[in-house]
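Visitor: Residue numbers (this note's numbering), protein chains in the order written: chain A, 1293 to 1765; chain B, 2 to 272.
What follows is the structure in structure tokens.
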């Protein structure tokens, strides 16, 4: 059995391809049903957003699974196999699991650390679970991935460090004004930089947006686009004092805001804090304006500095998230290993209970005059013997499974307790293993032969260095 | 007595260690360092509570009747509020800045004032209430001071364009200004209540109004100064940097009033 992801995202495929393979909510149920009715795919979750379409699946055979999933995407895209394959990624085992966790944490997003993707991962999983397309493996995996995503959001500030200059300008404004609701911003210039800044200011909740441009029509156009107000160039002096944040990005050869004008504006607004952000080269705002009380003036170099600091901080936060992911991967591996011994533990317990039942039957036959209370007491105590006897071996089974990274020692224990393969199979009905097995052959043969394999056992107690479960290798 | 001495010395050491760790956490953040600092701060809180309980047991009344107890109570309240604010409101770095003040109080308390004189005429609970409301107002003003310092630090980084980790973690100027204002909104009426209760106590014990005692005079002056802050802050809104400095001056005067002016007072205990 193998966990794999086949998909494409904004880094591997252009939007023309992404929109072709994207799976809408309307189609989702049909697609999941299609996967459910194949023998190749045992479990499946479809994650389709504007930036990515990914098929997470548990498959019987790696090659058959890959062929099937790639073929599915090729058919949707309507492209030839080779063309699409160049834009696809196929990841299996550990790589697929880590990829999902990175996606859920926002590390794989276009805007690193964005939080929307976590909701999309959760919805994709719930949709698949509701459609009956998931099983124990993907259920646990997505639960862990969502948990990692939540921790990344709550324990780090991965998404709070913008690395574009215009976004950094807004972040800088927030460092002075806090939330931007109730504030007024004045954009001088109506070019692409101003548009981008307007976008970020609007997203940050700016209340009033004023746009000034030499060509009034262009100012009007930009203002209309973001629900702002266009102001004629000649009236800039009048509105300057109304603005808490002034962003200038023109191609004007001289200073658009000389320091005297900034001084007038500051006087008119009673020296309330004002941020002047100069995104133009040559500069629009005279640097001396920065000496005025409560005036904060930043030029493009200052913003580059903010971006550099943010980049360093983001890298640091990303490293923390990567550690969270590594821990979750280990946790998932441990869970998989424990699942391997579930049938064994069930079989051992059943055998213990069967022995206890037969002893009780025998006692009842030999001591027919026992009262109901005495029978109850005997039952309780014989059961206690069974439980106490099995407690340590059961713990050892779990530990060995975790340390050995799989079911290598299941036959050894089965042999020790006199359990046959049939016994184990009987208790595997509820387990994910019945769907296909993970491909690793169990050691078989006599107890002596199995015991020989103990030499391969990693040092006990060192769970951190234990190999990953075969499904993840 | 030696038990509280050991606890006191121990808590000074642990407090210092936690502050060092909080500082390291800003410069080179690591989760384990942060967690350890928090655990140590919690230990300090437990130790301070223990000291106050020991004092309660020894004196048989609420521990507010000596300058030592008052300062311990102020530092205990600062630590408690800082821990709660850190847990529920997530104002970054407030733990570090507030506990720098809290630590300074504890050190001064542990090594300068433990053997100070004790109030005698208690007049029921009036004296305790007078001191308790004063403690609340001192704590609130201490937080106003802490936010003012954080504001000035952040303002300096923004003006000098230093995009370091302190800048990244410190809250916005507007937030810090608002927190400072709110702290004073809490401290201002508390101080008024304390003054009124003090006057009533004077009337009951000395049968006269304490008009010419230096401490009530300076305290009333302080109260007026904080009142001026509130009026101007409400009129100008956020961003009046002179008011931030005014806030700092007010707190400095409050410390002088408590430590120095109290020594010239007839009715207040001396250090």
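Just so you know, even glycine gets a beta-carbon here, dropped at the ideal spot from N, CA and C.
Can you find the residues in the same chain that come closer than 7 Å, C-beta to C-beta, to residue 1563 of chain A, ignoring five residues on each side of it along the sequence?
Guide: Correct list, in chain order: 1585, 1586.
Visitor: What whole-angstrom Cβ distance do residue 154 of chain B and residue 12 of chain B have, given they're in contact under 8 Å?
Guide: So it is not a contact: roughly 27 Å between Cβ atoms.
Visitor: Does residue 257 of chain B pass the burial test, meaning 16 or more other C-beta atoms within 10 Å, or should it be called exposed?
Guide: Residue 257 of chain B is exposed by the Cβ-count criterion.
Visitor: Look at the Cβ atom of residue 72 of chain B, then the Cβ atom of residue 56 of chain B, and state whether they are nearer than 9 Å.
Guide: Result no, Cβ atoms of residue 72 of chain B and residue 56 of chain B do not sit closer than 9 Å.
Visitor: Got a sec: which bits of the region 1555-1573 of chain A sit with their beta carbon under 8 Å from any beta carbon on chain B, in order along the chain?
Guide: Per Cβ criterion, the list reads 1562, 1563, 1564, 1565.
Visitor: State yes or no: is the beta carbon of residue 1509 of chain A nearer than 9 Å to at least one beta carbon in chain B?
Guide: Closer than 9 Å: no.
Visitor: Can you tell me whether residue 1567 of chain A is helix, strand or coil according to DSSP?
Guide: It is a strand residue.
Visitor: Based on DSSP bridge pairs, tell me the residues matched to residue 28 of chain B.
Guide: Its beta-bridge partners do not exist; DSSP assigns none.
Visitor: Can you give me the start and stop residues for the alpha helix (DSSP H) that residue 1383 of chain A sits inside?
Guide: Unbroken run through residue 1383 of chain A is the beta strand (DSSP E), 1381-1384; no alpha helix (DSSP H).
Visitor: At least one CB of chain B closer than 9 Å to the CB of residue 1643 of chain A: is that the case?
Guide: Output row for residue 1643 of chain A: interface = no.
Visitor: Name the chain B residues that come within less than 8 Å of residue 1474 of chain A, Cβ to Cβ?
Guide: Chain B residues near residue 1474 of chain A: none, gap ~10 Å exceeds 8 Å.
Visitor: Name the chain A residues that come within less than 7 Å of residue 164 of chain B, Cβ to Cβ?
Guide: Within chain A, the residues near residue 164 of chain B are 1597, 1598, 1601.
Visitor: Mark residue 1336 of chain A as exposed unless 16 or more other C-beta atoms lie within 10 angstroms of its C-beta, in which case mark it buried.
Guide: Result: buried.
Visitor: Distance, Cα to Cα, residue 1440 of chain A vs residue 1456 of chain A?
Guide: Cα to Cα, residue 1440 of chain A sits roughly 27 Å from residue 1456 of chain A.
Visitor: Run the CB neighbour count on residue 1239 of chain A, radius 10 Å, all protein chains shown included, and call it buried at 16 or more, exposed below.
Guide: Coverage of chain A is limited to positions 1293 through 1765, which leaves residue 1239 of chain A absent and any answer about it impossible.
Visitor: For the beta strand (DSSP E) that contains residue 1599 of chain A, what are its first and last residues?
Guide: First-last for residue 1599 of chain A: 1592-1658, but that is the alpha helix (DSSP H), not the beta strand (DSSP E).
Visitor: Check whether the region 1586-1605 of chain A and the region 1443-1455 of chain A touch, using three or more Cβ-Cβ pairs below 8 Å as the test.
Guide: As far as the Cβ criterion goes, the region 1586-1605 of chain A touches the region 1443-1455 of chain A, which means the pair count is three or higher.
Visitor: Using the three-state DSSP reduction, which class does residue 274 of chain B fall into: helix, strand or coil?
Guide: Examination of residue 274 of chain B is not possible in this model, given that chain B is present from 2 through 272 alone.
Visitor: Express the C-alpha separation of residue 1406 of chain A and residue 1338 of chain A in angstroms, rounding to a whole number.
Guide: Their backbone Cα atoms lie some 20 Å apart in a straight line.
Visitor: So if I threshold CB-CB distances at 8 Å, which residues from the region 1581-1597 of chain A count as touching chain B?
Guide: So the list reads 1582, 1585, 1586, 1588, 1590, 1594, 1597, given in the order they occur along the chain.
Visitor: Can you find the residues in the same chain that come closer than 6 Å, C-beta to C-beta, to residue 1313 of chain A, ignoring five residues on each side of it along the sequence?
Guide: The answer, listed in chain order, is 1345, 1365, 1368, 1369.
Visitor: Going along the chain, which residues of its own chain have a beta-carbon closer than 8 Å to the beta-carbon of residue 1728 of chain A, five neighbours each way excluded?
Guide: Here residue 1728 of chain A scores only 43 on pLDDT, less than 50, and its place in the model should not be relied on; the value that follows carries that caveat. Within the same chain, residue 1728 of chain A has close Cβ partners 1293, 1334, 1352.
Visitor: Does residue 1765 of chain A come within less than 9 Å of chain B when only Cβ atoms are used?
Guide: No - not a single Cβ of chain B is within 9 Å of the one on residue 1765 of chain A.
Visitor: Can you tell me the Cα-Cα spacing of residue 1738 of chain A and residue 1629 of chain A, whole angstroms?
Guide: The predicted position of residue 1738 of chain A is uncertain, since its pLDDT is 49 and thus under 50; a value taken from the coordinates is nonetheless stated next. Going from the Cα of residue 1738 of chain A to the Cα of residue 1629 of chain A covers about 23 Å.
Visitor: Mind listing the chain B neighbours of residue 1470 of chain A? Cutoff is C-beta to C-beta under 7 Å, in chain order.
Guide: Those within 7 Å of residue 1470 of chain A in chain B are 173, 175, 176.
Visitor: Taking Cβ positions only, does residue 1605 of chain A come closer than 9 Å to chain B?
Guide: Interface residue, yes.
Visitor: Along the beta strand (DSSP E) that carries residue 1340 of chain A, what are the first and last residues, could you check?
Guide: Taken as a continuous stretch (DSSP letters only), the beta strand (DSSP E) holding residue 1340 of chain A covers 1333-1340.
Visitor: Tell me, to the nearest whole angstrom, how far the beta carbon of residue 1771 of chain A is from that of residue 1548 of chain A; I am working on the premise that it is less than 8 Å.
Guide: Past the edges of chain A, shown from 1293 to 1765, lies residue 1771 of chain A, and the structure says nothing about it.
Visitor: Taking the alpha-carbon of residue 227 of chain B as reference, which of B:133, B:245, B:91 has the nearest alpha-carbon?
Guide: Taking only the C-alpha atoms, the option nearest residue 227 of chain B is B:245.
Visitor: Using a Cβ-Cβ cut-off of 9 Å, state whether residue 1690 of chain A counts as contacting chain B.
Guide: No - not a single Cβ of chain B is within 9 Å of the one on residue 1690 of chain A.
Visitor: Give me the residue from B:16, B:96, B:240 with the minimum Cα distance to residue 1467 of chain A.
Guide: The candidate whose alpha carbon is nearest that of residue 1467 of chain A is B:240.
Visitor: State the CB to CB distance for the pair residue 53 of chain B and residue 19 of chain B, rounded to an integer number of angstroms; the pair is presumed to be in contact (CB under 8 Å).
Guide: At roughly 19 Å, the Cβ-Cβ gap does not stay under 8 Å, so residue 53 of chain B and residue 19 of chain B are not in contact.
Visitor: Thinking C-alpha only, which one of A:1398, A:1680, A:1325, A:1472 is nearest residue 1535 of chain A?
Guide: Comparing Cα positions, the closest option is A:1472.
Visitor: Go through its chain and collect everything with a Cβ distance to residue 1496 of chain A's Cβ below 6 Å, but skip five positions before and after it.
Guide: Excluding sequence neighbours, residue 1496 of chain A sits near 1462, 1472.
Visitor: Counting only beta-carbon atoms, is residue 139 of chain B nearer than 9 Å to chain A?
Guide: With 9 Å as the cut-off, residue 139 of chain B does not count as an interface residue toward chain A.
Visitor: Return the bridge partner residues of residue 1502 of chain A from the DSSP annotation.
Guide: Looking at the DSSP assignment, residue 1502 of chain A forms a beta bridge with A:1478, A:1521.
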